[in-house]
Amino acid sequence: MVYQPPSGARDLLPLDVAQKIWIERRLQQVFHRWGYHRIITSTLERLDTLMAGGAVQPSTVIQLQDAENQGLGLRPELTASIARAIASRMGKLPSWPQRLYYSANVFRKGKALDHGQQLEFYQAGVELLGAGGLRADSEILLLLRDCLQTLGLNNADLIIGEAGLTQSLLSPFPAKEREKVRTAIANLDRIGLESLSLSSELRERALFLFDLRGRPETVLSQVSQLDLDSSQRQAVNNLKSLMELLHKCWENSEVQPSITLDLSLVQTFDYYTGIVFIAVSDTASGARVLGQGGRYDQLLGLYHPQGQTEPGIGFSLNTENLHQVLLGRGELPHQTPASEWLVVAQTPEADAAAFAYASQLRCSGDLLRVEVELGHRETPEDIRDYARRRGIGQIAWININGDPKIEEIL
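Counting from 1, position 272 in the sequence shown corresponds to residue 272 in full-length UniProt numbering; the numbering is continuous, with no gaps.
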């Protein structure tokens with residue numbers, strides 16, 4: 001019998017891990033430079049916590065039960081878990097805003113018919129809690145851009161929407177048709193949109209909303225032609241200010257990021273209230289979403305006993321998609337890091353001396369990787385061949401007196 005991981009799960013071998021760490025370390029360096037601190041939340045959450053206020057849909061959660069038959073779930077994302085962790089400690093926090101980052105796995109259930117679909121994913125991201133407005137929105141988008149540039153992904157496209165504005169623009173549609181219109185627009189399904197049972201006026205409005213994507217100045221001009229209420233007009237003005245500030249911040253960049261304003265953009269989770277965005281990279285196999293995020297100004301209140309809330313905005317980067325894009329460009333390590341030393345006892349009586357010499361090397365302060373030959377190779381030439389294959393630079397041959405003979409391997 002061959003034992004395999006469960007359907008949808010997978011193992012990471014040493015080279016996979018080395019490449020994953022290569023990505024995560026670079027992202028963490030960026031997060032540190034921007035003043036963000038790491039947070040670690042529980043992998044398991046209570047179901048009622050995950051689904052508070054409809055923030056997370058039950059269909060996305062891998063569900064479990066504890067000994068008391070309490071419903072539990074593996075977190076499908078990090079934002080709700082972080083909101084719960086911070087909301088439960090609001091009175092103990094020294095100051096706002098809270099700048100937090102994470103690097104963790106999430107578990108997301110696919111459709112029942114998708115046998116073998118991946119269930120476990122790795123993400124890295126940030127949450128900026130307790131700060132609203134133009135500067136906070138800009139910080140998150142600039143930070144996202146910095147992350148992608150650090151990984152060498154200068155040509156990633158940024159697509160920005162506004163969840164609150166989009167939702168309010170859909171409000172004239174009857175409730176039973178509104179979600180169908182929203183879904184058709186989000187899926188770029190013009191034929192499906194035209195086939196809906198709508199009045200001529202609402203069909204014209206739906207098709208107008210369908211086309212609200214493109215250059216920011218064009219889309220803002222188009223949406224301004226609608227009969228907007230004060231909150232909608234404020235959202236449009238906020239988007240205009242955001243686009244102008246981003247343009248000023250990036251106007252001297254060697255590579256100008258491509259920005260698309262898309263008021264049909266809909267995220268997977270339902271807690272977004274302001275700007276939403278995705279970062280996309282074109283590859284030989286099609287477009288890949290590298291990261292996504294948005295503003296969620298009511299989420300913390302769902303988890304606070306008195307409903308007290310603070311504004312929030314953040315993003316997550318999809319480590320697997322980053323890995324695939326970088327792998328295709330040859331950016332990632334091609335092999336696991338080699339040991340610097342191989343220590344060989346020349347006789348069984350020299351074993352203790354060989355282990356002692358290896359320990360001395362490891363404690364040298366240079367973070368050296370040191371292996372001890374375990375006797376699997378019969379001749380000195382076999383040992384040298386092993387060192388060459390593994391990229392080990394030096395062999396220390398240890399005699400019974402503990403004296404090393406150093407050999408450079410070319």
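Quick reminder that beta carbons are idealized off the backbone N, C-alpha and C, glycines included.
Remember, it's a predicted structure, so these values are computed and weren't measured experimentally.
Per DSSP, residue i is paired with what?
i      : result
Lys405 : Trp397
Ser197 : In DSSP, Ser197 forms no bridge with anything.
Asn154 : Looking at the DSSP assignment, Asn154 forms no beta bridge with any residue, so it has no partner.
His37  : Leu100
Leu72  : Arg46 and Leu64
Arg213 : Asp262
Ala345 : Ile398
Glu381 : DSSP lists no partner for Glu381.
Val372 : Val343
Excluding sequence positions up to five away, which residues of its chain have a Cβ less than 6 Å from the Cβ of residue i?
i      : result
Ala184 : Gly192 and Leu193
Lys405 : Trp397
Gly110 : Gln117
Leu261 : Ile160, Pro216 and Val219
Ala287 : Val280
Arg38  : Tyr101
Ala206 : Val181 and Leu193
Ala87  : Leu300, Tyr303 and His304
Gln4   : none
Ser241 : Leu134
Pro172 : none
Asp146 : Val30
Gln346 : Trp397 and Asn399
Thr166 : Leu263
Here's a check: name, in chain order, each residue in its chain whose Cβ is nearer than 7 Å to the Cβ of residue i, leaving out the five neighbours to either side.
i      : result
Phe210 : Ile185, Arg190, Leu193 and Ser264
Arg182 : Leu170 and Val266
Leu245 : Leu134 and Ser138
Val223 : Leu212, Val236 and Leu263
Val106 : Arg75, Pro76, Glu77, Leu78, Phe121 and Gln123
Met51  : Pro58
Ala358 : Val343, Val370 and Val372
Ala136 : Leu128 and Ile313
Leu368 : Glu340, Trp341, Leu361 and Arg362
Leu113 : With a pLDDT of 46 at Leu113, under the threshold of 50, the modelled position of this residue cannot be trusted, and the question is left open.
Ala156 : Leu148, Ala279, Val280, Ser281 and Leu290
Leu12  : Lys20
Arg388 : Ile409
Gly164 : Ala235, Thr273 and Gly274
Which same chain residues, not among the five before or five after residue i, have their C-beta less than 8 Å away from its C-beta?
i           : result
residue 428 : Residue 428 falls outside the range modelled here, since the chain spans only 1 to 410, and no answer is possible.
Pro333      : Leu15, Ala18, Gln19 and Trp22
Val325      : Leu153, Ser281, Thr283, Arg288 and Leu290
Leu151      : Ile23, Arg26, Leu27, Leu322, Leu326 and Glu331
Leu196      : Glu177, Lys180, Val181, Ala184, Arg203 and Ala206
Please report the Cβ distance between residue i and residue j, rounded to the nearest whole angstrom; I am assuming they are in contact, meaning their Cβ atoms lie under 8 Å.
i      : j      : result
Ile409 : Ile392 : 6 Å
Pro257 : Leu322 : Between Leu322 and Pro257 the Cβ distance is about 17 Å, and since that is not below 8 Å, they are no contact.
Arg89  : Thr49  : Not really, about 14 Å apart at Cβ, beyond 8 Å.
Glu162 : Gly274 : 7 Å
Gly402 : Ala356 : 7 Å
Gln70  : Arg108 : Actually they are not in contact, since the Cβ atoms of Gln70 and Arg108 sit about 21 Å apart, beyond 8 Å.
Gln63  : Gly73  : 5 Å
Gly132 : Asp270 : Gly132 to Asp270, Cβ: 19 Å. No contact.
Ala352 : Arg390 : Contact flag wrong, Cβ pair sits at about 24 Å.
Ala354 : Ile400 : Not confirmed; about 10 Å, so no contact.
Leu141 : Phe277 : 7 Å
Ile82  : Thr43  : About 13 Å; that fails the 8 Å criterion.
Any heavy atom of the ligand SAH closer than 7 Å to the CB of residue i?
i     : result
Ala85 : This structure simply doesn't include the ligand SAH, nor any ligand for that matter.
Check your understanding: Going along the chain, which unbroken runs of the beta strand (DSSP E) with 3 or more residues stay wholly within the segment 248–322?
Key -> 258–262, 275–283, 286–295 and 312–318
Point to revise | Cβ contact (3+ pairs, closer than 8 Å) linking the segment 118–138 and the segment 297–317 | key: yes
**Study point:** Unbroken stretches of the beta strand (DSSP E), 3 residues or longer, contained in the segment 97–183
**Key:** 98–107, 120–129 and 157–162
Check your understanding: Does the count of Cβ pairs from the segment 317–326 and the segment 198–208 closer than 8 Å reach three?
Key -> no
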